[in-house]
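The opening residue of the sequence shown carries number 1 in UniProt numbering; numbering runs sequentially from there.
In this text, a Cβ means the ideal position worked out from N, Cα and C, and glycines have one as well.
None of these values were measured; they are calculated from a predicted model.
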Amino acid sequence: MSDLWTGERVRLRGIEPADWEGFRALALHTVDARNADVVDPPRSDESFRTWTAERADRTPNPAAYQLVIETRFEHAFVGAVSVGETDARAGRFRTGIEVTREHRRQGYAAEATELVLTYMFAEQRSHKCEVEVYAFNDASLALYRKLGFVEEGRLRQHEFFAGAYHDVVLLGITADEYWAGRARPALR
Numbered sequence: 001m002s003d004l005w006t007g008e009r010v011r012l013r014g015i016e017p018a019d020w021e022g023f024r025a026l027a028l029h030t031v032d033a034r035n036a037d038v039v040d041p042p043r044s045d046e047s048f049r050t051w052t053a054e055r056a057d058r059t060p061n062p063a064a065y066q067l068v069i070e071t072r073f074e075h076a077f078v079g080a081v082s083v084g085e086t087d088a089r090a091g092r093f094r095t096g097i098e099v100t101r102e103h104r105r106q107g108y109a110a111e112a113t114e115l116v117l118t119y120m121f122a123e124q125r126s127h128k129c130e131v132e133v134y135a136f137n138d139a140s141l142a143l144y145r146k147l148g149f150v151e152e153g154r155l156r157q158h159e160f161f162a163g164a165y166h167d168v169v170l171l172g173i174t175a176d177e178y179w180a181g182r183a184r185p186a187l188r
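Now the structure itself:
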């Protein structure tokens with residue numbers, strides 16, 4: 001593929017104002033929201049419109065960004081992938097992903113994560129990617145392990161929600177681990 005942001009089935013792109021409905025869909029199911037982060041109070045459609053319009057107007061920042069995942073050919077909103085907590089001195093960054101219910105278990109999350117890892121390792125000289133996953137989120141744990149992430153630790157009873165404390169699993173992958181068995185991006 002000649003575009004670093006396009007895989008076989010997905011394309012990563014900047015947020016557009018029209019994406020507000022996709023982001024609202026990600027927040028609609030409280031169980032899904034909890035798996036990714038925390039449950040927020042319900043928001044108005046206008047707040048989603050304002051939020052996406054503000055992000056669409058931002059200048060890209062390679063150290064912290066959120067991109068929309070869309071299907072390559074139909075251009076359907078699949079979800080979002082983010083990069084943050086970048087430490088340029090140490091060469092570390094964190095990533096996270098959310099996928100709408102109707103697009104799960106189709107390989108979109110894996111491909112989108114690989115596109116981000118390729119960019120961060122091949123273009124930003126990052127050395128290591130870290131993720132935090134709730135210990136009960138079996139699907140996300142399986143995704144990251146399949147991509148080569150290694151469990152590095154566990155924060156016991158680290159987060160409180162749904163009336164109980166929950167563990168957070170820390171996983172990481174180095175650039176060398178990622179490139180083992182993968183082709184690096186072509187220059188042309």
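So the candidates are the options; which of them puts its Cα closest to the Cα of residue i?
i, options, result
"D57", "H75, A18, A90", "A18"
"D40", "S47, F48, A27", "A27"
"V31", "L170, G148, G172, F136", "F136"
"Q124", "P62, W51, R34, R13", "P62"
"A180", "G148, Y165, A164", "G148"
"T50", "E16, H29, A164, D3", "E16"
Given a cut-off of 7 Å, decide if residue j and residue i are closer than it, judged by their beta-carbon atoms.
i, j, result
"A120", "F160", "Looking at the sequence itself, residue 120 is Met, so the reference to Ala does not match. Cβ atoms of M120 and F160: not closer than 7 Å."
"R100", "G79", "Sequence inspection shows Thr at residue 100; the Arg mentioned does not correspond to that position. Contact flag set, yes."
"A162", "H127", "no"
"Y65", "L117", "no"
"E111", "R9", "yes"
"I173", "C129", "yes"
"F73", "G22", "no"
"T71", "V83", "no"
"Y144", "L171", "yes"
Strictly by DSSP, which residues pair up with residue i?
i, result
"I173", "C129"
"Q66", "S82"
Could you tell me if residue i is buried or exposed, where buried requires 16 or more neighbouring beta carbons within 10 angstroms of its beta carbon?
i, result
"K146", "exposed"
"T86", "buried"
"A109", "buried"
"R105", "exposed"
"E98", "buried"
Residues in its own chain within less than 7 Å of residue i by CB, not counting five upstream and five downstream?
i, result
"A90", "none"
"A122", "R184, P185"
"R11", "W5, E70, R72"
"A53", "P17"
Leaving out five residues on either side along the sequence, give the residues of the same chain with a beta carbon under 6 Å from the beta carbon of residue i.
i, result
"L155", "V168"
"G7", "E111, L115"
"S140", "V133"
Beta-carbon within less than 8 Å of residue i's beta-carbon, same chain only, minus the 5 sequence neighbours each way: which residues are those?
i, result
"D45", "W20, R24"
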